[in-house]
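If you're matching positions, the sequence shown starts at 39 in my numbering and goes up one per residue.
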Amino acid sequence: MAKKNKIKAVLNYHIWSDDIHLKILDDIVTYAPKVINIFAAEEHEINNIWSSPNGFFPYKRAFIDNNIEVNFIFGAAHMDFYQDRYNFPEYNIRTILWPTYFLCFTLSSIRHSAYHLRHHDHTSKYTYPFISMNNRPHRHRCMFLDQMARADLLDLGAVSWHNDNEIPYNWEWWDHPTRLTLTDQFETLGNSYALPAEWDVSFLNVVSECSINRTYFSEKTWIPLLCLKPFLSQSNTGFYKTFTELGFVLYDEIFDYSFDEEADDAIRTEMIMNNVKKIIGRDYQEMYNMLLPKLTHNFLKAIEIATSENFIPDIVKNSEYAMLKYTALRDMKNISYKDMQNLEIR
39 MAKKNKIKAV LNYHIWSDDI HLKILDDIVT YAPKVINIFA AEEHEINNIW
89 SSPNGFFPYK RAFIDNNIEV NFIFGAAHMD FYQDRYNFPE YNIRTILWPT
139 YFLCFTLSSI RHSAYHLRHH DHTSKYTYPF ISMNNRPHRH RCMFLDQMAR
189 ADLLDLGAVS WHNDNEIPYN WEWWDHPTRL TLTDQFETLG NSYALPAEWD
239 VSFLNVVSEC SINRTYFSEK TWIPLLCLKP FLSQSNTGFY KTFTELGFVL
289 YDEIFDYSFD EEADDAIRTE MIMNNVKKII GRDYQEMYNM LLPKLTHNFL
339 KAIEIATSEN FIPDIVKNSE YAMLKYTALR DMKNISYKDM QNLEIR
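Here you go:
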């Protein structure tokens, strides 16, 4: 066994800054920790190695054998995915959820970008019924574009697709999948918060979230909400149920959210596209004006959540390491909820 260096009672890891799967076993031998905290609020999984069959087992065995308390902090909203994966409270291995992390990060990012909470201009004209911005070609996102093609929507909206067919997917309705770009220069800049010119002249944001087998609110959902734009998100079953449990309201004057209860991913995605199809050709400005009270409510509820410590897990609030890593939390302290309430919504 390697010679132990200075004992460290608590070891902290961040999903982006540390090669966790390479370091953690060595660090256990070197530092003999009593507690290990793994901060991964930006994701719903650690890495592909731990996701593979038995990939996490050597780490779990080391945690148990060395009597180490382990805390995983993820940004998902439900525990279902983590049971029997990273949550074993009988061994002091626990998963802690922080579903509103990306709300803080998104608000902070928008505040410090050139875009800066650019709300809808009521005098503008809509050129597109919807905008949909898509990058990584996850299987569910391929399904999303395929169902969009099935509903004859691809040529009607402002749609981006920054990938050739990089993963195996049996396209059924999109005859010739190809790269689609907008004016945001995303392929060059890689900035999700540098919204394209098409954004302002599109009524609806149609979103494919980062996962459809767990509830995870990423910047893809929070950007339209903070910009007072109606949106529909492809995610997993119960996504909108959790959304309303946080205090947000649905735009059910124009959308049928029964898809949120549909267990079949393809059918659920088809139902979302049918919702989009039903608003094509309607008076978008009239619909926007009808939804404006709810759009405003959701914006203010988001500010309330983002600026409240009540939605931050104690393990994050009480960790100097976490507060240094999650700079958006410090930025939230500089936001006055009262000032945001009085923000002029153009």
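Using N, Cα and C, we set each Cβ at its ideal position, and we do this for glycine too.
- Proximity of the stretch 232-251 to the stretch 163-170 meets the contact definition, three or more beta-carbon pairs being nearer than 8 Å.
- For Y120 and T133, the gap between their C-alpha atoms comes out near 7 Å.
- Between the stretch 120-130 and the stretch 318-336, the count of Cβ pairs shorter than 8 Å is below three; the stretches do not touch.
- Bridge pairing for Y51: I76 [DSSP].
- The beta carbon of N130 lies closer than 6 Å to those of E107 in the same chain, with the five residues before and after it left out.
- Here the alpha carbon of L63 sits roughly 35 Å from the alpha carbon of K258.
- When DSSP assignments are scanned along the stretch 198-276, the uninterrupted stretches of alpha helix (DSSP H) that are 4 or more residues long and fall wholly within it turn out to be 224-227 and 257-264.
- When the alpha-carbon of H214 is set against those of D222, N92, L220 and N201, the nearest one is in N201.
- When the five nearest sequence neighbours on each side are left out, the beta carbons in the same chain lying within less than 7 Å of the beta carbon of N313 are those of L270, F293 and D294, in order along the chain.
- The DSSP-derived three-state label of M171 is strand.
- I45 is classed as exposed because its beta carbon has fewer than 16 other beta carbons within 10 Å across all chains shown.
- With distances taken between CA atoms, T138 lies nearest to F112 out of I148, L220 and F112.
- By the Cβ-count criterion, R179 is buried, with 16 or more other Cβ atoms from all chains shown falling within 10 Å of its own Cβ.
- In the DSSP assignment, N313 falls within the unbroken alpha helix (DSSP H) covering D303 to I317.
- The alpha-carbon separation between L338 and F255 amounts to approximately 17 Å.
- The beta carbon of A304 lies closer than 8 Å to those of M181 and Q185 in the same chain, with the five residues before and after it left out.
- By a beta-carbon distance limit of 8 Å, L264 contacts I148. Their separation comes to about 6 Å.
- As for any alpha helix (DSSP H) of minimum length 4 sitting wholly inside the stretch 329-381, the runs are 352-355, 358-363, 365-370 and 375-379, ordered along the chain.
- In the three-state reduction of the DSSP assignment, Y164 falls in the coil class, being assigned neither a helical nor a strand state.
- Of the other Cβ atoms in all chains shown, 16 or more fall within 10 Å of the Cβ of T144; this residue is therefore buried.
- Assignment of L183 by DSSP, reduced to helix, strand and coil, places it in the helix class.
- In this structure N274 is not in contact with I310, their Cβ atoms being roughly 12 Å apart against a cut-off of 8 Å.
- In this structure, L49 lies away from I84, with their beta-carbon atoms at least 8 Å apart.
- DSSP, read as helix, strand or coil, puts L284 in coil.
- Residue pairing from DSSP places T133 in a beta bridge opposite F110.
- With fewer than 16 other CB atoms across the displayed protein chains lying within 10 angstroms of its CB, S89 is exposed.
- About 6 Å separates the beta carbon of R217 from that of W199, a gap short enough to meet the 8 Å contact definition.
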